[in-house]
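S.K.: So the sequence shown is numbered by this note's numbering: it starts at 30 and just counts up by one.
Even glycine gets a Cβ: it sits at the ideal position worked out from N, Cα and C.
In this text the structure is predicted, and so the values were computed from the model without any measurement.
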Amino acid sequence: MQNRRVVATRVSGIQNSATFAVFETVRDLRARGVRVLDLGGGEPDFDTDPHIVGEAATALTDGDTHYTPSRGIPELLTAIAEKLGKDNGITADPAGDIIVTPSAKHALFISLMSLLDPGDEIIIPTPSWVSYASMARLVGAVPVLAELSAADGFRITRQVLEAQVTPRTKVLLINTPNNPTGRALSEREAADVAAFAAAHDLFVVADEIYERIRYDGTPHISLASLPGCAGRTLTVNGFSKGYAMTGWRLGWVSGPSDVIAHVLKAQQHTVGCAGSFVQRGGVAALTGPQDAVREMAAEYAERRALITDGLNALPGIRCTPPDGAFYAFADIRGTGFPGSAAFTEWLLREAGVAVTPGTAFGPGGEGHVRLSFATSRAVIEEALERTAGALARRG
Ligand code: PMP
Ligand code: GLU
30 MQNRRVVATR VSGIQNSATF AVFETVRDLR ARGVRVLDLG GGEPDFDTDP
80 HIVGEAATAL TDGDTHYTPS RGIPELLTAI AEKLGKDNGI TADPAGDIIV
130 TPSAKHALFI SLMSLLDPGD EIIIPTPSWV SYASMARLVG AVPVLAELSA
180 ADGFRITRQV LEAQVTPRTK VLLINTPNNP TGRALSEREA ADVAAFAAAH
230 DLFVVADEIY ERIRYDGTPH ISLASLPGCA GRTLTVNGFS KGYAMTGWRL
280 GWVSGPSDVI AHVLKAQQHT VGCAGSFVQR GGVAALTGPQ DAVREMAAEY
330 AERRALITDG LNALPGIRCT PPDGAFYAFA DIRGTGFPGS AAFTEWLLRE
380 AGVAVTPGTA FGPGGEGHVR LSFATSRAVI EEALERTAGA LARRG
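1. Is F358 near the ligand GLU, judged by its Cβ being under 7 Å from some heavy atom?
2. In chain order, which alpha helix (DSSP H) runs of at least 4 residues are fully inside the region 321-401?
3. Starting from L1, trace the alpha helix (DSSP H) in both directions and tell me its first and last residue.
4. Check F232 in the structure and name its three-state DSSP category.
5. Is the region 216-224 touching the region 174-182 in the sense that three or more CB pairs, one from each, lie closer than 8 Å?
6. Measuring alpha carbon to alpha carbon, tell me which of V40, A85, V194, F390 ends up nearest V307.
7. As a quick exercise: from P98, N117, W158, pick the residue whose alpha carbon is nearest that of I250.
8. Could you say if the region 274-282 and the region 49-61 meet the contact criterion of at least three C-beta pairs nearer than 8 Å?
9. Is A228 buried or exposed, if buried means 16 or more other CB atoms sit within 10 Å of its CB?
10. Got a list of residues with beta-carbon closer than 5 Å to any non-hydrogen atom of the ligand GLU, in chain order?
11. With DSSP collapsed to three states, give me the class of V460.
12. Apart from the five residues just before and just after T210, which ones in its own chain have a Cβ nearer than 6 Å to its Cβ?
13. Is G304 near the ligand PMP - that is, is its Cβ less than 7 Å away from at least one heavy atom of it?
14. In terms of residues, what are the limits of the beta strand (DSSP E) holding V168?
15. Over the uninterrupted alpha helix (DSSP H) stretch that includes L252, give me the two end residues.
16. Taking the beta strand (DSSP E) that I152 belongs to, which residues open and close that run?
17. For A235, verify whether its CB is less than 7 Å away from any heavy atom of the ligand PMP.
18. Whole angstroms are fine: how far does the CA of F232 sit from the CA of L144?
19. Using DSSP's beta-bridge definition, name the partner residues of I203.
20. Please tell me whether, using a cut-off of 7 Å, the distance from the CB of T349 to the nearest non-hydrogen atom of the ligand PMP is below it.
21. Under 8 Å: do the region 245-260 and the region 85-102 share three or more Cβ pairs, one atom per stretch?
22. Within the present structure, is the beta-carbon of I238 separated from the nearest heavy atom of the ligand PMP by less than 7 Å?
23. Rounded to a whole number of angstroms, what is the C-alpha to C-alpha distance between I127 and G345?
24. Measuring only from the beta carbon, is T275 closer than 7 Å to any heavy atom that is part of the ligand PMP?
25. For L202 versus V159, is the C-beta spacing smaller than 8 Å?
26. Should I139 and T364 be called a contact, given that it needs their Cβ atoms to be closer than 8 Å?
27. Assuming V82 and L106 form a contact by the criterion Cβ under 8 Å, report the distance between their Cβ atoms to the nearest whole angstrom.
28. Taking the beta strand (DSSP E) that N266 falls in, what are its first and last residues?
29. Suppose you measure from the CA of A313 to the CA of H80; what does that come to, to the nearest Å?
30. Could you please give the first and the last residue of the uninterrupted beta strand (DSSP E) stretch that includes G310?
31. Check W281 in the structure and name its three-state DSSP category.
32. Would you kindly work out how many angstroms separate the C-alpha atoms of A124 and H291, rounded to a whole number?
33. Based on the DSSP secondary-structure assignment, which residues constitute the bridge partners of T198?
34. Whole angstroms are fine: how far does the CA of I336 sit from the CA of N470?
35. Check whether the Cβ atoms of A380 and R415 lie closer than 8 Å to each other.
36. Go ahead and pull the three-state DSSP assignment for L420.
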C-alpha cells in the first residue's frame with residue numbers, strides 16, 4: 030500500500046532553526062549540570078520593564094481576556110502610527126496601514142505569504158537571519174541568496190542585487206540593523222536599494238526589529254521613508270529586542286493599505302489576533318517612559334566595546350564593531366579551524382562557551398561565528414578568558 034503518512038515537502042525540505050538549536054543545546058547541557066556561558070541565542074537578558082508588566086497585569090485583572098480586532102486594538106495601532114511618524118518618517122494610517130501581530134516573526138511570515146506566489150523569488154542578502162530563507166520556502170517561494178562580502182564589510186551594492194534578478198523576482202528582503210553582521214544600512218546603500226527596487230518594480234520587506242539598538246549616534250534609516258518606497262515596502266518591527274519582550278510575542282507590519290488589506294486575511298485565518306493583554310503591554314511600552322530602552326541600549330554599547338576589544342585581542346580572531354543589534358560577527362579564519370561549525374563545537378566542548386556558527390546564516394557566513402552580547406558583562410568577560418585559555422592550550 031502506498032505510504033500516505035509522509036509530511037509535506039515544504040516542512041521536510043527545511044531544517045530546524047539553528048538559533049533555537051543553540052537555545053536547546055544550552056538548556057540540555059545546563060539540565061545535566063554542565064556550566065555553559067551562553068553567547069548563542071539573540072535574546073535580551075533584561076526582564077521587561079515593570080511599568081509594561083504592570084499594565085498587562087492590570088489588563089488581565091480587568092478581564093481583558095478576549096479576542097481583539099484582528100488588526101489590533103485601536104490604542105496600539107495609534108501608538109504605532111505615532112511612533113512610525115516620529116521615529117521613522119513613515120506616514121501610516123492606524124485604520125488601514127498597520128497590523129499588530131503575535132511576534133515580528135509572524136509579521137514576516139504573513140507578509141511573505143501575501144506577497145509571494147509559489148515559484149516567485151525573494152532576494153535575501155546574506156549573511157542573514159536564519160528564518161528568512163526557510164519562511165520563503167514554507168510559503169512555496171524560492172529564496173535567492175545574494176552573498177555579501179566580508180572583505181567589503183558586508184556592504185549591500187546595486188551590483189550584488191542586480192546579479193540576482195530574474196523574471197520571477199518579486200521581493201527584496203532587507204534587515205537593518207542586520208542579524209548577524211550588525212551592519213546598518215548607510216544612506217548610500219539605502220538609496221541604492223530604493224533605486225534597485227524601483228527599477229525592477231519589486232516589493233521590499235524591511236525588517237527593522239533592531240532599530241532601537243544602535244551605536245555611534247548614527248540614525249536608523251527606514252526604507253519606507255525614502256522617495257518612491259512607501260507604496261512598495263512592508264516594514265516589520267516588534268517589541269522583542271528594544272523593549273526586552275521576547276516572551277510576549279508582539280510585533281507589527283506596516284505598509285500600503287491595499288497590500289495590508291490582503292496581509293490581514295492571512296492574519297485572520299492563522300492566529301486571528303495578537304494577545305489582548307499583551308497588546309495593552311505594547312501600548313505602555315510605546316507611550317510610557319523610554320528610560321529602560323535607553324539604559325539597555327547604553328549597556329549594550331558597553332558590552333559591544335568589551336566583546337569586540339576582547340575578540341580582537343585573541344590570536345587569529347578579528348571583529349569589526351557592529352553598527353547596531355547585539356551581535357559580534359567574528360572572523361575566525363586566522364585560527365586554523367576547518368570551518369565555523371568545527372570552531373563552534375570545539376569552543377563549546379573545550380571552553381563551555383556557546384556561539385552560533387556563521388554557516389547558519391547562509392553564504393558569506395562561513396569563517397565567522399556570531400556571539401550574542403545580550404548577556405552580562407561578567408559572562409562576556411569569562412567567555413573571553415575561557416576562549417583565550419582554550420586557544421592557548423590548543424597551541
Ligand atoms: N527578525 C530578526 C532579524 C530577528 O533577529 C528576530 C529575533 N528572533 C526576529 C525578526 C523575530 O522577532 P520576534 O521575537 O518578534 O519574533
Ligand atoms: N533572533 C534571535 C536569534 O537570532 C532569536 C532566535 C530566533 O528567533 O531565531 O538568535
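M.R.: Once the coordinates are examined:
1. no
2. 369-380
3. Since the first and last residues shown for the chain are 30 and 424, residue 1 lies out of range.
4. strand
5. no
6. A85
7. N117
8. no
9. exposed
10. T48, G70, G71
11. Since the first residue shown for the chain is 30 and the last is 424, residue 460 is missing from the structure and cannot be characterised.
12. P156, F183, F358
13. no
14. From DSSP, V168 is part of no beta strand (DSSP E); its letter is neither H nor E.
15. Run containing L252: none; DSSP gives neither H nor E here.
16. 150-155
17. no
18. 8 Å
19. A235
20. no
21. no
22. yes
23. 47 Å
24. yes
25. no
26. no
27. 22 Å between Cβ atoms; not a contact.
28. 262-267
29. 7 Å
30. Looking at the DSSP string, G310 is not in any beta strand (DSSP E); the run it does join, the alpha helix (DSSP H), is 305-316.
31. strand
32. 14 Å
33. E150
34. The displayed coordinates of the chain run from 30 to 424. Any statement about residue 470 would go beyond what the structure contains.
35. yes
36. helix
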